[in-house]
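Engineer:
Protein chains: 2
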Amino acid sequence: MVAATLCVMFAPTAAGPGIPEIKAYLNGVDTPNMFGASTLIVKIIGSIGAVSAGLDLGKEGPLVHIGACLASLLGQGGSDNYRLKWRWLRYLQNDRDRRDLITCGASSGVCAAFRAPVGGVLFALEEVASWWRSALLWRTFFSTAIVVVVLRGFMEYCDSGKCGLFGKGGLILFDVSSVSVTYHINDLLPVALIGIIGGVLGSLYNHLLHKVLRLYSLINEKGRTAKLLLSLGVSLLTSICLYLLPFLAPCTPCDPTLDAACPTVGRSGNFKRFNCPNGYYNDLASLLHATNDDAVRNIFSTGTPTEFRAISLLIFFAIYCILGLFTFGIAVPSGLFLPIILMGSAYGRLLALMMGSHIYIDQGLYAVLGAAALMSGSMRMTVSLCVIFLELTNNLLLLPIMMFVLLIAKTVGDAFNPSIYEIILDLKGLPFLEANPEPWMRNLTVGELAAAKPSVVSLGGIEKVVRVVEVLKSTKHNGFPVVDQGVPSPIGMPTGATELHGLVLRSHLVAVLRKKWFLKERRRTEEWEVREQFMSVDLAQKGPKIQEVVLTEDEMDMYIDLHPFTNTTPYTVVETMSVAKAVVLFRQVALRHLLIVPKYQGAGISPIVGILTRQDLIAHNILGAFPHLAKKEKSESTNS
Amino acid sequence: MVAATLCVMFAPTAAGPGIPEIKAYLNGVDTPNMFGASTLIVKIIGSIGAVSAGLDLGKEGPLVHIGACLASLLGQGGSDNYRLKWRWLRYLQNDRDRRDLITCGASSGVCAAFRAPVGGVLFALEEVASWWRSALLWRTFFSTAIVVVVLRGFMEYCDSGKCGLFGKGGLILFDVSSVSVTYHINDLLPVALIGIIGGVLGSLYNHLLHKVLRLYSLINEKGRTAKLLLSLGVSLLTSICLYLLPFLAPCTPCDPTLDAACPTVGRSGNFKRFNCPNGYYNDLASLLHATNDDAVRNIFSTGTPTEFRAISLLIFFAIYCILGLFTFGIAVPSGLFLPIILMGSAYGRLLALMMGSHIYIDQGLYAVLGAAALMSGSMRMTVSLCVIFLELTNNLLLLPIMMFVLLIAKTVGDAFNPSIYEIILDLKGLPFLEANPEPWMRNLTVGELAAAKPSVVSLGGIEKVVRVVEVLKSTKHNGFPVVDQGVPSPIGMPTGATELHGLVLRSHLVAVLRKKWFLKERRRTEEWEVREQFMSVDLAQKGPKIQEVVLTEDEMDMYIDLHPFTNTTPYTVVETMSVAKAVVLFRQVALRHLLIVPKYQGAGISPIVGILTRQDLIAHNILGAFPHLAKKEKSESTNS
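First to last, the protein sequences are chains A and B.
The first sequence begins at 1 in full-length UniProt numbering and counts up one residue at a time.
The second sequence begins at 1 in full-length UniProt numbering and counts up one residue at a time.
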């Protein structure tokens, strides 16, 4: 309840895992309030609340988000809202450093969650980041190295039991290294089966989660009370199920040949006594009456082939499927990793149990493989999952079959639907720019695309203040091309040519209006006259909106020399270029605006044909403007 | 001798590791004959010869090259020269698929060399590839998965000793997982020291190797005999040193508390008897009279603190430094990994020995850390080395200090000189395009760069055959802009405009001339009339040179319609753009030609200002044309 209340009242952006939004941010889409101080605090407290309520959710996603928030605040030099700012940190306040910091924060989060430093780096590389530079590789590596050294230090300190459960298990969360892995050609089939089922179940899970999230968004629109009630309802359902279900399971006599304490009564342990007489344990209670981490550890436990009965595992699997689907969308910080690992390990172990003596690999390892397969089937990662599981379980000899399973599950899953994060991105309506253009984009030129839009609004090099204000108020564009008419002729050129001077940003125009850097006459001043008056920091400040700038009648009649504020080297494409190639350029060079220039050269031709932004290049939006492409695409896909 | 003779006579490109050339190829620079069938065969046989001669070189680099060669041949559908072609493989015959295949081949090579599948993927990502797509991640992952499954299968088959030494050590080459790693704050300092020394030694090694390679290139210019003699000399030197040096070492009595057989007489083993009486062993012989792999295994051996004396380790380190420097440049297939691992492990263990009881970590682990530090100090990789060492040694708990050491060594090394592969690339004069432009490139526009070049040669849309032939013969350009003069006016445009139609490639022009697709009159035909006559495959074929095309007088007077062969959507930049931004575009979108368009729009202005190629954007070449930039850069770097 604390978690849900905090999320609903103070920071709605703290709900959910936060990974899709980080992914979108690194792609160039900023979600407001995503990395603020309030989000951070709510996320930390909310995550503690949600996990300790025993809900079927993980702390991994939230930890990634917490890492990204911390990184973002550090990059800004503190929070804007709470007047906590260190001036010496402001040099990191540019887009690229901010993006790098957030990538490092995300990988540190994964590292802290799974104690998997290399896995964290690869997760950032494979899933989160849109642009990757080699410098980023060792930077993220450095940050996860620091995380793991600090973790190790705390564990050293907590070794004597000073800090409760913290540090239990050491650096390896779910150690299965004690079993020696021997496998034969016979194992190939069941292992492939695990991969296939993992892919099918993973994509089915994605599909169902999509439906549930759409249902939830209808409920959430009803207001804060509805959100709160939904969260409380799910929490209540979880508690009831987890407490009551173990009564269904019969008591199992302890196996005296095992070393482990049986039955255990304390907080953690593999053989919970619950409602059983001494010498007996309740296997379903061992799974359900434990923290999520302990439940995974119990299912992964090796050398205990008779510990869990098939029916208990089946009940566990079923209840966690249902809970997982209904828990994810509620208004608390929640991660997807652990629920999927729980489900996957249960079905893996169940499968191994059903195969009985036909397999040579330990049931615990099958549980690991099942978890990996379901993760891959739902999230469609390969290398990073492989390394994360390697670092979680510390069993290097499992690597070949692990890779095999992950690849099969990913391939099967990809045949049905996109990955879970892409589905969430799509649901949230974030304009994510994919790395590869769609095939039909090759049949459309940027000129045709520009013709379908309202014609481009360009400004003169020296423009009247009143026109600048008008343009800013009447449009919502963030960039305007600057065109000089009839420029003084360079050597060997006829007079009367027009010049594409560059691109000026809305925020810079507003800053100029606010600072009232005006000229009395329409006269092209030397650039330095104006430039001397400002530094790049002046323009970079977050300014007010255009509506808040007050100008007098006299000022409205003056002029602005836009030349010093213009980016004189915007990236351009010729109008005949296909949209596909423009998308590649836009995405690879990480642009916000792309100018379209004409292919003809002659008198009277405007030097600018149009301007493209991210929204213009999103496949969905293009298909809206050119419905025949959508139809063609559809008919082609039915034909093929 | 077999290795050197083969390399010198049949495939000079098979000498050395081949990794820099693969790196250059994936950056867009093709080295002739690098991936041919003869190179492959010489590389395989030569590598076997060189390794079995006991030279101080590794089989890792050659294995990477072999993987790349196989991939390239597969992509071509077989060898061009030997008429072994499978037609059904020809669909992979485009640049991107070829690049992807070679990346997969390189990662498979690393995987096969170190039995490190994830390390192979990361090596390809961090060191080899210039462009990375997420699809490439799982493709390389898939290929290394296959490699490891096949390896595992062979090991299973060879388990009963059918295949000699193959499969010894299982999937983990240098297993040190038996030691539990416990470390304290006291260990931080010696570990940091290892990193720092690793960085210093690594960069010193790079520096000295650079000098030796320059000396060798002078010797190699003297002809094949000189090359051959050099190789034989180094081989002789190696044999003499390795055989005679152990006589310097006194005999050490066997430690009866150890389980291992002592002394050993057979092929492999930790305690070689050599010239000692029974019950004694010669520690230097244990290191020098073993295969390189066994030597590493012996130095990495844990729980044997008194096995090697400091003086033996010092001799070993010194002799391998000298041999490593002089062996690398000779005309045999050679890798850098193993020599550096040998040196690094020796100094790591030496350091641990000298610290004596002040350290808590096992000497064997110090040897591992030393090897990692020296590798990182020389090659400047981080994540991939970390994973490779993890997969080599199977000790996950070593991970935090391993990361620490790698980062320190890389940072220290970067302070002195570039990585070894960059040095080799530079020595070979390959125009490698760096990911980041130099800072001074921001002060130069592409217009200025184009003005310093010979003016651009452009063709008309319909051009006389004689002029096309002339242009092709008199220039060496690979691409020509196509400009149409006085095009029929589109609606609302004055007549007489010129149109930048696009870019036509030299190879396509030659193909057209060879096929004699000519027109009788200067008349712009409908595109389809010509296009019907050819398919894209016709143009993609490797054609003869222009000098070999024979044309009659009559044909010379005819015309070619270039429109159907022109790439109508080349990437362009405006002349005012800075070279830095052009480099970013060129590199990110992976271009061969970049057209420069004017910023002015008006009658009489040429629609094309210039054309940029890879060579124009290499920092070294620009500094040649603009010496003042070089001076400025130098003075700035002295000031700062």
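Beta carbons are placed, not taken as given, at the ideal position from N, Cα and C, and that holds for glycine.
1) Could you work out which residues of chain B lie near residue 440 of chain A, taking near to mean beta carbons separated by less than 7 Å?
2) From residue 163 of chain B to residue 349 of chain A, what distance separates their C-alpha atoms?
3) Considering just the uninterrupted stretch of the alpha helix (DSSP H) at residue 610 of chain A, what are its terminal residues?
4) Would you verify that the beta carbon of residue 372 of chain A is, or is not, closer than 7 Å to some beta carbon of chain B?
5) Could you check what DSSP says for residue 27 of chain A in three-state terms: helix, strand or coil?
6) Helix, strand or coil, according to DSSP, for residue 646 of chain A in the structure here?
7) Give every residue of the same chain whose Cβ lies closer than 7 Å to the Cβ of residue 191 of chain B, excluding the five residues on either side of it in the sequence, and list them in chain order.
8) Mind pulling the chain B residues with CB within less than 8 Å of residue 145 of chain A?
9) What's the gap between the Cα of residue 283 of chain B and the Cα of residue 234 of chain B?
10) In whole angstroms, what separates the C-alpha of residue 341 of chain A from that of residue 296 of chain A?
11) Does the separation of the CB atoms of residue 407 of chain B and residue 114 of chain A fall below 7 Å?
12) Just list the residues that DSSP pairs residue 464 of chain B with in beta bridges.
13) Run down chain B in chain order and give the residues with a C-beta less than 8 Å from the C-beta of residue 410 of chain A.
14) Can you grab the Cα-Cα spacing for the pair residue 423 of chain A / residue 206 of chain A, in whole Å?
15) Can you tell me where the beta strand (DSSP E) with residue 498 of chain A in it begins and where it stops?
16) Would you report the Cα separation of residue 584 of chain A and residue 615 of chain A, rounded to the nearest angstrom?
17) Kindly indicate if chain B contains any beta-carbon less than 7 Å away from that of residue 152 of chain A.
18) Taking residue 396 of chain A as the query, report the chain B residues whose CB atoms sit under 7 Å from its CB, ordered along the chain.
19) When the Cα atoms are used, what is the spatial distance from residue 101 of chain A to residue 129 of chain A?
20) To which residues of the same chain is residue 195 of chain A closer than 6 Å at the C-beta, ignoring the five residues directly before and after it?
21) In chain order, which alpha helix (DSSP H) runs of at least 4 residues are fully inside the region 127-154 of chain B?
22) Do residue 200 of chain B and residue 325 of chain B have their CB atoms nearer than 7 Å?
23) Are the CB atoms of residue 375 of chain B and residue 466 of chain B within a distance shorter than 7 Å?
24) According to the neighbour-count rule (16 or more other Cβ atoms, all chains shown, within 10 Å of its Cβ), is residue 593 of chain A buried or exposed?
25) Can you give me the Cβ contacts of residue 274 of chain B inside the same chain, cut-off strictly under 7 Å, excluding the 5 residues immediately before and after it?
26) Chain B partners of residue 707 of chain A, CB-CB under 9 Å?
27) Distance check for residue 214 of chain A and residue 620 of chain A, CA to CA, integer angstroms please.
28) With a cut-off of 8 Å, do at least 3 Cβ pairs link the region 116-128 of chain A to the region 382-394 of chain A?
29) Bridge partners for residue 58 of chain A per DSSP, in chain order?
30) Determine the direct distance from the alpha carbon of residue 468 of chain A to that of residue 1 of chain A, and round the result to whole angstroms.
31) Can you name the residues of chain B whose CB is closer than 9 Å to the CB of residue 585 of chain A?
32) Leaving out five residues before and five after residue 610 of chain A in sequence, what residues of the same chain have Cβ atoms less than 7 Å from its Cβ?
33) Can you find the residues in the same chain that come closer than 6 Å, C-beta to C-beta, to residue 367 of chain B, ignoring five residues on each side of it along the sequence?
34) Give a yes or no on whether the minimum CB-CB distance between residue 622 of chain B and chain A is below 7 Å.
35) Can you tell me whether residue 52 of chain A is buried or exposed, with buried defined as 16 or more other CB within 10 angstroms of its CB?
36) Taking the C-alpha atoms as reference points, what is the distance between residue 255 of chain A and residue 305 of chain A?
Structural biologist: In this structure, then:
1) As a working note, residue 440 of chain A is residue 440 in the first sequence. Ordered by position in chain B, no residue passes the 7 Å Cβ test against residue 440 of chain A, which lies about 16 Å from the chain.
2) Position 163 of the second sequence, counted from the start, is the residue given in the question as residue 163 of chain B. Position 349 of the first sequence, counted from the start, is the residue given in the question as residue 349 of chain A. Roughly 37 Å between the two C-alpha positions.
3) As a working note, residue 610 of chain A is residue 610 in the first sequence. It is not in any alpha helix (DSSP H) - residue 610 of chain A instead sits in the beta strand (DSSP E) that spans 610-613.
4) If you number the first sequence from 1, residue 372 of chain A lands on position 372. It does not; no Cβ of chain B falls within 7 Å.
5) The residue you call residue 27 of chain A lines up with position 27 of the first sequence. Residue 27 of chain A: helix per DSSP, three-state reduction.
6) Since the first residue shown for chain A is 1 and the last is 640, residue 646 of chain A is missing from the structure and cannot be characterised.
7) Taking the second sequence and counting its residues from 1, the one referred to as residue 191 of chain B is at position 191. Excluding sequence neighbours, residue 191 of chain B sits near 369, 401, 404, 405.
8) By one-based count along the first sequence, residue 145 of chain A stands at place 145. Simply 400, 403, 404, 407.
9) Taking the second sequence and counting its residues from 1, the one referred to as residue 283 of chain B is at position 283. Taking the second sequence and counting its residues from 1, the one referred to as residue 234 of chain B is at position 234. Between residue 283 of chain B and residue 234 of chain B, the C-alpha separation is close to 25 Å.
10) One-based indexing of the first sequence puts residue 341 of chain A at position 341. One-based indexing of the first sequence puts residue 296 of chain A at position 296. So the alpha carbons of these two residues sit roughly 8 Å apart.
11) Looking up residue 407 of chain B in the second sequence gives position 407. Looking up residue 114 of chain A in the first sequence gives position 114. Result no, Cβ atoms of residue 407 of chain B and residue 114 of chain A do not sit closer than 7 Å.
12) Here residue 464 of chain B corresponds to residue number 464 of the second sequence, with the count starting at 1. In the DSSP output, where bridge partners are listed per residue, residue 464 of chain B has B/559.
13) What you label residue 410 of chain A is simply residue 410 of the first sequence in a count that begins at 1. Within chain B, the residues near residue 410 of chain A are 138.
14) Taking the first sequence and counting its residues from 1, the one referred to as residue 423 of chain A is at position 423. Taking the first sequence and counting its residues from 1, the one referred to as residue 206 of chain A is at position 206. Residue 423 of chain A and residue 206 of chain A: Cα-Cα distance of roughly 8 Å.
15) Within the first sequence, numbered from 1, the residue matching residue 498 of chain A stands at position 498. 498-505 is the span of the beta strand (DSSP E), which, as asked, contains residue 498 of chain A.
16) For the purposes of this step, residue 584 of chain A is identified with residue 584 of the first sequence, where counting begins at 1. For the purposes of this step, residue 615 of chain A is identified with residue 615 of the first sequence, where counting begins at 1. Looking at the two C-alpha atoms, the distance is approximately 15 Å.
17) In the first sequence, the residue the question calls residue 152 of chain A occupies position 152. Closer than 7 Å: yes.
18) Within the first sequence, residue 396 of chain A is the residue found at index 396, counting from 1. In chain order: 172, 391, 394.
19) The residue you call residue 101 of chain A lines up with position 101 of the first sequence. The residue you call residue 129 of chain A lines up with position 129 of the first sequence. Rounded to the nearest angstrom, the two C-alpha atoms are 11 Å apart.
20) By 1-based counting over the first sequence, the position of residue 195 of chain A is 195. Cβ neighbours of residue 195 of chain A beyond the five flanking positions: 373, 405, 408, 409.
21) none
22) The sequence position of residue 200 of chain B within the second sequence is 200, counting from 1. The sequence position of residue 325 of chain B within the second sequence is 325, counting from 1. The answer is no: Cβ separation not under 7 Å.
23) The residue you call residue 466 of chain B lines up with position 466 of the second sequence. The residue you call residue 375 of chain B lines up with position 375 of the second sequence. No. Outside cutoff.
24) Counted from its first residue, the first sequence places residue 593 of chain A at position 593. That one is buried.
25) As a first step, residue 274 of chain B must be located in the second sequence, where it is residue number 274. Correct list, in chain order: 246, 282, 285, 289.
26) No answer is possible for residue 707 of chain A: the residues shown for chain A start at 1 and end at 640.
27) As a position in the first sequence, residue 620 of chain A is number 620, starting the count at 1. As a position in the first sequence, residue 214 of chain A is number 214, starting the count at 1. Whole-angstrom Cα-Cα distance: 19 Å.
28) yes
29) Translated into the one-based positions of the first sequence, residue 58 of chain A becomes position 58. In the DSSP output, where bridge partners are listed per residue, residue 58 of chain A has A/335.
30) Indexing the first sequence from 1 puts residue 1 of chain A at position 1. Indexing the first sequence from 1 puts residue 468 of chain A at position 468. The alpha-carbon atoms of residue 1 of chain A and residue 468 of chain A are separated by roughly 51 Å.
31) Residue mapping note: residue 585 of chain A aligns to position 585 of the first sequence, counting from 1. Within 9 Å Cβ-Cβ: 571, 585, 588, 589.
32) Translated into positions along the first sequence, residue 610 of chain A becomes position 610. Only 450, 453, 456, 596 meet the Cβ criterion.
33) Taking the second sequence and counting its residues from 1, one reaches residue 367 of chain B at position 367. Cβ within range, chain order: 299, 300, 345, 348, 349.
34) Residue numbering aside, residue 622 of chain B sits at position 622 when the second sequence is read from its first letter. Cβ-Cβ to chain A under 7 Å: no for residue 622 of chain B.
35) Within the first sequence, the letter at position 52 stands for residue 52 of chain A. Residue 52 of chain A is exposed by the Cβ-count criterion.
36) The count along the first sequence starts at 1 and reaches residue 255 of chain A at position 255. The count along the first sequence starts at 1 and reaches residue 305 of chain A at position 305. Approximately 11 Å between the Cα atoms of the pair.
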